[in-house]
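**Student:** Residue numbers (this note's numbering): 38 to 345.
All residues carry an ideal CB built from backbone N, CA and C; glycine is no exception.
Being a predicted model, the structure only gives us computed values, none of them experimental.
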Amino acid sequence: MAGKILISGGSGLIGSRLSEMLIDQGYEVAHLSRAPDKFSHYKTFRWDIKEGYMDENAITYADYIIHLAGAGLADEKWTKERKREILRSRVDSTQLLLNSLRKQEEHRVKGFISASAIGIYGNSGDQLMSEESSYGEDFMAEVCKAWEAAVWQIKDLGIRTVILRTGIALSEKGGALPQMARPIKMMAGAPLGSGKQYMSWIHIDDLCRLYIRAIEDTQFTGVYNAVAPHPVTNQEFTEALAEAMHKPLVLPKVPSFALNLMLGEMSDVVLSGQRVSANKVLQTGFTFEYNYLDEALESFYSKSKDKS
């Protein structure tokens, strides 16, 4: 049942892998970009979130829209300006897609699948968080709340709307994993803060398979946690990563104050934990290829044992 998929944030870590997997399954893929590159592998439509502009052909092209756009959380220190950019890039991009859908009455968009993040639950300690759990109050929780509120307006247009609250997406090509692996490679790896904070993770291929499933399976509607079924503590994660890389862990834990000094407010993301349930996704019949962390890490590091 292949169709045409329009992706915002298509050149990012998740968007790149998802585009490849969609093409492999016979879909046509187009990206939205502020500066379309004529040498891109993908058909590209111009949009400019700050200008509120979007090529009107983008909406008429699409059978489904996957919305991943948003300024990277770990790209820069969280100044006031950067925090504004993190929030605006998510809310304004959603608003632009909403306005474009409203304007184009002739469109045939059957589903809108948007990213969000498990950061919406705030620092929830050991408590297992489901999609119905209460929200946090910190900066990331506020960003996710505003982002999801913007996405829900698309449901009011009669379009099936799915929000995937993503955990830590594991990929050797970017995101959190290479940053956590770097000190371990240099024999300077250590758990962060108490090490007891939970990390709810998902292998990037499982995450992309979940997006594809959300396109194809019309029972998907509303909010789902996009996390593997077995979250681990930061200490367990660090130990499993060191083992997968065949490196010893020689340092004690990195104290919270040192992380605060290095990262500023962004350290909250590293030091606060979310233990998040995958039950709702499992109840749809979706099966994870990587249920356990060691399997996921093995997929990245077993093939590069000789390099690490």
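Apart from the five residues on each side of it in sequence, which residues of its chain come closer than 7 Å, Cβ to Cβ, to E113?
**Tutor:** R119.
**Student:** Going by DSSP in three states, M106 sits in which element: helix, strand or coil?
**Tutor:** First, the residue type needs correcting, since residue 106 is Ala and not Met in the sequence shown. Coil at A106, not helix or strand.
**Student:** With DSSP as the reference, please indicate the residues paired to R202 in a beta bridge.
**Tutor:** S153 and N262, per the DSSP bridge assignment.
**Student:** Let's test the definition: count the other Cβ atoms within 10 Å of the Cβ of M177 and tell me whether it reaches 16, buried, or not, exposed.
**Tutor:** Per the 10 Å Cβ criterion, buried.
**Student:** So the candidates are C245, G322, G310 and I252; which of them puts its Cα closest to the Cα of S56?
**Tutor:** Checking every option, the nearest Cα to that of S56 belongs to C245.
**Student:** Any idea if Y90 is buried or exposed, counting beta-carbon neighbours within 10 angstroms, 16 or more meaning buried?
**Tutor:** So Y90 counts as exposed.
**Student:** With C-beta atoms as the reference, is Q132 less than 8 Å away from I96?
**Tutor:** No, the Cβ-Cβ distance between Q132 and I96 is not below 8 Å.
**Student:** Keeping to the same chain, check which residues put their C-beta closer than 8 Å to that of F82; ignore five residues upstream and five downstream.
**Tutor:** Counting only Cβ-Cβ distances below 8 Å, and skipping sequence neighbours, we find L43, A67, H68, L69, S70, P73, M91, D92, N94, A95 and Y98.
**Student:** Under three-state DSSP, which class holds L138?
**Tutor:** In this structure, L138 counts as helix in the three-state DSSP scheme.
**Student:** Give the DSSP bridge partners of I196, in chain order.
**Tutor:** In the DSSP output, where bridge partners are listed per residue, I196 has none listed.
**Student:** Just list the residues that DSSP pairs L43 with in beta bridges.
**Tutor:** Looking at the DSSP assignment, L43 forms a beta bridge with A67 and I102.
**Student:** Between T203, M224, I205 and I150, which lies nearest to Q190 when the distance is taken from Cα to Cα?
**Tutor:** Nearest of T203, M224, I205 and I150 to Q190, Cα basis: I150.
**Student:** Under a three-way DSSP split, which group does Y327 fall into?
**Tutor:** DSSP places Y327 in coil when its eight states are reduced to three.
**Student:** Whether or not the segment 162-170 and the segment 208-225 are in contact is what I'm after, with contact meaning three or more pairs of Cβ atoms, one per stretch, closer than 8 Å; do they touch?
**Tutor:** The segment 208-225, when compared against the segment 162-170, does not touch it at the 8 Å Cβ threshold.
**Student:** Note down the Cα distance separating S130 from V287, rounded to an integer number of angstroms.
**Tutor:** Cα-Cα distance, rounded: 44 Å.
**Student:** Do G301 and N271 have their C-beta atoms closer together than 8 Å?
**Tutor:** Not a contact, by the Cβ cut-off of 8 Å.
**Student:** What is the rounded straight-line gap between the Cα of G212 and the Cα of L50?
**Tutor:** Straight-line Cα distance between these residues: approximately 7 Å.
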